[in-house]
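In my numbering, the protein residues as written are 2 to 423.
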């Protein structure tokens, strides 16, 4: 049996990267006063068709959807923002003091072509800030993202940023894109023709070489901003410049979800390589209202944890094992000696010492080899002679020295060496 295509097992030697990343993002979330939220793995299919957009590639091609036994259409969540907004609305968070700051660390599911760093089950760290429509919180969210990227040493990724403006601005830009690309409609692929017909802005996500060659002369989103949207955009850029945050204005950046308005941003490889975006986000002022709630502005981003893991591996980061054993107890003899060894392990664990019993079915030589494989700094040996004298043999595996001592001395020594040095 194999794991399903596009999924991976996160093995023990990989978990150390995940713990590190999760600890880092939790610390950043705490610094910026974000509270954690978790939502169900599956939601009503309608949630994503209404929020992400029924004509987006995600909803049309990439969702895992199914009918339950009650005939309800459900979908494994392909992204986190819609679920968080649904929860925000359902639990009356819009009645709390605004803005509300939330973060999540959750698996997502998309039926995509598997490749390095991109899977059908993947994990994201994301934040959502709901209830404030000012450019200052746009800056806060981008600053947050920039600091995380810098902390992980991802110097090869650059911040791309754009504005789609308010609803009126977006509609004007949408019409301009439709008119521009319609001239070339006979040369478009079936997929790009569908995009142009259903949601013209989606054609800017095309990977087709011919379509990409048309981007240079395509309408510029910034030319269609209303005065209020333009003022807002210029304020954001001013805040970024004031803080020396380097950015690149990319007027073709629209993001792959229908709910975005005003600010959109991505961290993309500087070399323009084939690797996908590592962190992306934007503003979605109409999303909560689209889900049946009041008009609540929002902005957020999501970061792919698998992608961060791959980048950290390239840096050859070294981590100390968090489950490093302090002492292995080896036993020579029968049931009486084993019983004493089990009780000794119990007592030492109660002192927060990390103890493992060597497999008692092995010879003493095999038990010692087992301790060596675990890189245990100390080994306690217990046999019939030690039972008679009520003592233990403590072996220092690093110095290759051993001595016979009483339990009280053994316990105090291990507590000092193993706990005090944490």
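Built from N, CA and C at the ideal position, the CB exists for glycine as well.
Counting along the chain, residue 352 sits inside no alpha helix (DSSP H), nor does DSSP assign it H or E at all. Within its own chain, the residues whose Cβ lies closer than 6 Å to the Cβ of residue 221, once the five positions on either side in sequence are excluded, are 252, listed in chain order. Each residue's CA atom was taken as its position, placing residue 394 and residue 324 some 24 Å apart.
By the neighbour-count definition (other C-beta atoms within 10 Å, threshold 16), residue 70 is an exposed residue. Residue state for residue 28 is assigned as helix, using DSSP reduced to three classes.
About 17 Å separates the Cβ atoms of residue 397 and residue 371, ruling out a contact at the 8 Å cut-off. If the five residues before and after residue 63 are omitted, its C-beta is found closer than 7 Å to the C-beta atoms of 79, 111, 112, 113, all from its own chain and listed in chain order. In the three-state reduction of the DSSP assignment, residue 87 falls in the helix class, which pools H, G and I.
Closest by C-alpha distance to residue 19, out of 307, 182, 227, 74, is 307. For residue 211, the uninterrupted alpha helix (DSSP H) run begins and ends at 210 to 214, by DSSP. Contact between residue 88 and residue 38 holds, since their C-beta atoms are separated by about 6 Å, short of 8 Å.
In the displayed model, residue 103 falls within a strand according to three-state DSSP. Note on the stretch 283 to 310: whole alpha helix (DSSP H) runs with a minimum of 4 residues are 288 to 291, in chain order. DSSP, read as helix, strand or coil, puts residue 153 in coil. In the three-state scheme derived from DSSP, where H, G and I count as helix and E and B as strand, residue 399 is classed as coil. Beta-bridge partners assigned by DSSP to residue 270: 158. Across the structure, residue 119 and residue 155 are spaced so that their CA atoms are roughly 18 Å apart. By the CB criterion at 7 Å, residue 31 and residue 102 fall outside the cutoff. Per the coordinates, the alpha-carbon of residue 143 lies some 54 Å from the alpha-carbon of residue 411.
Closest option to residue 126, judged by alpha-carbon separation, among 365, 382, 301: 301. For residue 405, same chain residues with a beta-carbon under 6 Å away, outside a window of 5 residues either side, are 392, 394 in chain order. Taking the CA atoms as reference points, residue 94 sits about 16 Å from residue 105. Contact between the stretch 187 to 194 and the stretch 203 to 211 is present: three or more C-beta pairs spanning the two stretches fall below 8 Å. Where residue 232 is concerned, the enclosing alpha helix (DSSP H) starts and stops at 228 to 243. Taking all protein chains shown into account, residue 359 has 16 or more neighbouring C-beta atoms within 10 Å of its C-beta and is therefore buried. Counting other Cβ atoms within 10 Å of its Cβ, residue 376 stays below 16 and is therefore classed as exposed. Per DSSP, the unbroken alpha helix (DSSP H) holding residue 182 starts and ends at 168 to 183. Residue 11 and residue 122 have their alpha carbons spaced roughly 12 Å apart.
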